[in-house]
Each structure stands twice: as C-alpha cells, then as structure tokens.
Amino acid sequence: DAGVIQSPRHEVTEMGQEVTLRCKPISGHNSLFWYRQTMMRGLELLIYFNNNVPIDDSGMPEDRFSAKMPNASFSTLKIQPSEPRDSAVYFCASSPGTERYEQYFGPGTRLTVT
Amino acid sequence: SQQGEEDPQALSIQEGENATMNCSYKTSINNLQWYRQNSGRGLVHLILIRSNEREKHSGRLRVTLDTSKKSSSLLITASRAADTASYFCATFRYNAGNMLTFGGGTRLMVKP
Chain D
1 DAGVIQSPRH EVTEMGQEVT LRCKPISGHN SLFWYRQTMM RGLELLIYFN NNVPIDDSGM
61 PEDRFSAKMP NASFSTLKIQ PSEPRDSAVY FCASSPGTER YEQYFGPGTR LTVT
Chain E
1 SQQGEEDPQA LSIQEGENAT MNCSYKTSIN NLQWYRQNSG RGLVHLILIR SNEREKHSGR
61 LRVTLDTSKK SSSLLITASR AADTASYFCA TFRYNAGNML TFGGGTRLMV KP
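Which chain is which? The protein sequence lines are D and E, in order. Residues 1 to 114 in the numbering used here are what the first sequence lists, from first letter to last. Residues 1 to 112 in the numbering used here are what the second sequence lists, from first letter to last.
As structure tokens, then:
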C-alpha cells in the first residue's frame, strides 16, 4: 500500500486566496483525521470523519476552514480566504478503526500564506 | 486541551546512551500510543500499550504504563543518531470517538 497520500506537498499563496489540500487515505481505513502543526501550538486536531461522516469539527479554527469527504478514498480541507496565520504543516491521517485505533499519517502539506 | 504531556520537552544524549521520555495524562484511557516524527515528516506509529498492560517491548523500545499514576514512559536503549526525532504520546478512549489526543512531544537529539 502507498500509505496516506497528500497533495500538494508545498503550497505558497497570497493572503485572501483559496487553498485546497487533498488527502487519499489508506484503502480500507474508515476514519480520517486532519491535523495542523505549528511550532507555537503543536499538533492540533482540526476535524475527523468516520465512514465519510464528519464526527467532530470543534478544532476547526474558523468558518474560513471547511472539510469534505465525498467518498472513502478522498478528502479535502479548504481555507477561504487564507491568512498568514494559517501558515503551518497540515497532516492527514487515517485509521482502520479497529480496537487498536492507531493512525497512519501522510507526509503533510507545508502551507505558507504571504 | 492536551491529554498527554511529555517530559522532558527536549533531550540531548550521546550515541549509545539510553533515552527515557515520560508522558502523563489526565483521564482514564483504553490504550496509549507512542509516535515518532522525523523533521519535515509525518508521525509514525511506534508502539501501543493497552490499559491492562504494564510493559511492552519492540526491538530497542520499551514502554511502561502506570494507570494508577496516569503515566507512561518510553525507553530507547543503545540510541543511534538515526533516533533523532520528536516523540509523541497519544491516548485513546472508546467513549471519546475514534480520535487520539496527542501530547506536545519530546525532541530527542542523539549526538554521534
């Protein structure tokens, strides 16, 4: 298996622009998680899905952030409009959702908003 | 708020020495997991210990869990320069959904 796939790996955009991050989870995993990591705030859970349904989005910082999972093999995290404080590394992770509940992380998308 | 808190925040040792990292948490758990993150990479699952287990081994890794003290430790024996990374503990509770709650991590540097 290729593991969790994220794209793009790097994104540089100007303030006010829309940013879309993409994630393909490991096949057969039924849970998907979006995290944000910065030096100041560490690793933060933004939102997670079980069987394509959003379960907890309490970590989404503002209405500018939205996430979708239209099917079991694809999810997007969108920021519109982007702001410099959104600069961070965004990780997607998936989990088989068995009794162990370990998570498998993608390589991340490094977002820079100027 | 973070469930797990790692201690120390940073650790620097010489190659060949043992490295011990600690994690404390606040509520009851079903399992505790340790992850490693190399610079610029995603987190990688290392080892999982269930709440009814006290010690677990995997290669040079040894994890202990004390549920009465709500704490865990990760020991890396005979460290190597390649062990340089950040290490995170994460707790799992069934009634908290399928999510993990991560701590702030310990940055380990192993000097050759």
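Just so it is clear, CB atoms sit at the ideal spot from N, CA and C, and this is done for glycine as well. Since the structure is predicted, the reported quantities are computational estimates derived from the model, not experimental observations.
Checklist entry - Using the beta-carbon count (16 or more within 10 Å), is Gln80(D) buried or exposed? => result Walking along the first sequence from the start, residue 80(D) turns up at place 80. The residue is exposed, with fewer than 16 neighbouring Cβ atoms inside 10 Å.
Item to check | Neighbour list for His45(E) in chain D, Cβ cutoff strictly below 8 Å | outcome: Residue numbering aside, residue 45(E) sits at position 45 when the second sequence is read from its first letter. Near His45(E) (Cβ distances below 8 Å), the residues of chain D are Glu102, Gln103 and Tyr104.
Checklist entry - Looking only at its own chain, which residues have a Cβ that is under 7 Å from the Cβ of Ala88(D), when we skip the five neighbours before and after it? => result For the purposes of this step, residue 88(D) is identified with residue 88 of the first sequence, where counting begins at 1. Once the five neighbours on either side are set aside, the close Cβ partners of Ala88(D) are Arg36, Gln37, Thr38 and Leu111.
Next on the checklist: Please list, in chain order, the chain D residues whose beta carbon lies closer than 8 Å to that of Asn98(E).
Outcome noted: What you label residue 98(E) is simply residue 98 of the second sequence in a count that begins at 1. The answer, in chain order, is Ser31, Tyr48, Asn50, Ile55, Ser95, Gly97 and Tyr101.
Checklist entry - Is the shortest distance between the beta-carbon of Leu48(E) and the beta-carbons of chain D less than 8 Å? => result In the second sequence, residue 48(E) corresponds to position 48, counting from 1. It does: the Cβ of Leu48(E) has a partner Cβ on chain D nearer than 8 Å.
Next on the checklist: For a cutoff of 8 Å on Cβ pairs, would you count Gly105(E) as touching chain D?
Outcome noted: Taking the second sequence and counting its residues from 1, one reaches residue 105(E) at position 105. Yes, Gly105(E) counts as interfacial toward chain D.
Next on the checklist: Can you check which of these residues, Ile13(E), Asp7(E) and Ser28(E), is closest to Ser68(E) by C-alpha distance?
Outcome noted: By one-based count along the second sequence, residue 68(E) stands at place 68. For Ser68(E), the nearest C-alpha among the options comes from Ser28(E).
Next on the checklist: Using 8 Å as the threshold, is the C-beta distance between Gly108(D) and His29(D) below it?
Outcome noted: Here residue 108(D) refers to the residue found at position 108 of the first sequence. Here residue 29(D) refers to the residue found at position 29 of the first sequence. No; because the gap between Cβ atoms is not below 8 Å, this pair is not in contact.
Checklist entry - Residues in its own chain within less than 7 Å of Pro112(E) by CB, not counting five upstream and five downstream? => result Taking the second sequence and counting its residues from 1, one reaches residue 112(E) at position 112. Here the set comprises Glu15 and Ala81.
Checklist entry - Any Cβ of chain D within less than 8 Å of the Cβ of Gly42(E)? => result Your numbering for residue 42(E) matches position 42 in the second sequence. So yes, Gly42(E) belongs to the interface.
Checklist entry - Does the beta carbon of Gly108(D) come closer than 8 Å to any beta carbon on chain E? => result As a working mapping, residue 108(D) is identified with position 108 in the first sequence. So yes, Gly108(D) belongs to the interface.
Checklist entry - With 8 Å set as the bound, which would you pick, yes or no: does the beta-carbon of Gln33(E) sit closer than that to a beta-carbon of chain D? => result One-based indexing of the second sequence puts residue 33(E) at position 33. Yes, Gln33(E) lies at the interface with chain D (some Cβ there is under 8 Å from its Cβ).
Checklist entry - If we ignore side chains and look at the alpha-carbon of each, how far apart do Cys117(D) and Gln6(D) end up? => result Not covered by the structure: residue 117(D). The range shown for chain D is 1 to 114.
Checklist entry - Around the Cβ of Ser94(D), are there at least 16 other Cβ atoms within 10 angstroms (buried) or fewer (exposed)? => result Position 94 of the first sequence, counting from 1, holds the residue named residue 94(D). So Ser94(D) counts as buried.
Item to check | Minimum Cβ-Cβ distance from Phe65(D) to chain E less than 8 Å | outcome: As a position in the first sequence, residue 65(D) is number 65, starting the count at 1. So no, Phe65(D) is outside the interface.
Checklist entry - How many Å lie between Thr101(E) and Met109(E) at the Cα? => result Your numbering for residue 101(E) matches position 101 in the second sequence. Your numbering for residue 109(E) matches position 109 in the second sequence. Spanning the two alpha carbons is a distance of roughly 24 Å.
Item to check | CB contact below 8 Å: Ser91(D) versus chain E | outcome: Start at 1 with the first residue of the first sequence, and residue 91(D) comes out as number 91. Looking at the sequence itself, residue 91(D) is Phe, so the reference to Ser does not match. For Phe91(D), the answer is yes, since a Cβ of chain E falls inside 8 Å of its Cβ.
Checklist entry - So which residues of chain E does Gly28(D) contact, with C-beta pairs closer than 8 Å? => result Counted from its first residue, the first sequence places residue 28(D) at position 28. Near Gly28(D) there are no residues of chain E at all, since even the closest Cβ is about 15 Å away, more than 8 Å.
Item to check | Assumed close pair Asn18(E), Leu75(E) - CB separation to whole angstroms, cut-off 8 Å | outcome: Residue mapping note: residue 18(E) aligns to position 18 of the second sequence, counting from 1. Residue mapping note: residue 75(E) aligns to position 75 of the second sequence, counting from 1. Asn18(E) to Leu75(E), Cβ: 6 Å. Contact.
Checklist entry - How many Å lie between Leu77(D) and Met21(E) at the Cα? => result Within the first sequence, the letter at position 77 stands for residue 77(D). Within the second sequence, the letter at position 21 stands for residue 21(E). Spanning the two alpha carbons is a distance of roughly 33 Å.
Checklist entry - Between the C-alpha atoms of Ser73(E) and Arg62(E), what's the straight-line distance to the nearest angstrom? => result One-based indexing of the second sequence puts residue 73(E) at position 73. One-based indexing of the second sequence puts residue 62(E) at position 62. If you take the alpha carbons of Ser73(E) and Arg62(E), they lie about 8 Å apart.
Checklist entry - Are there 16 or more other CB atoms within 10 angstroms of the CB of Asp63(D), so buried, or fewer, so exposed? => result Position 63 of the first sequence, counting from 1, holds the residue named residue 63(D). Classification of Asp63(D): exposed, given that the 10 Å Cβ count is below 16.
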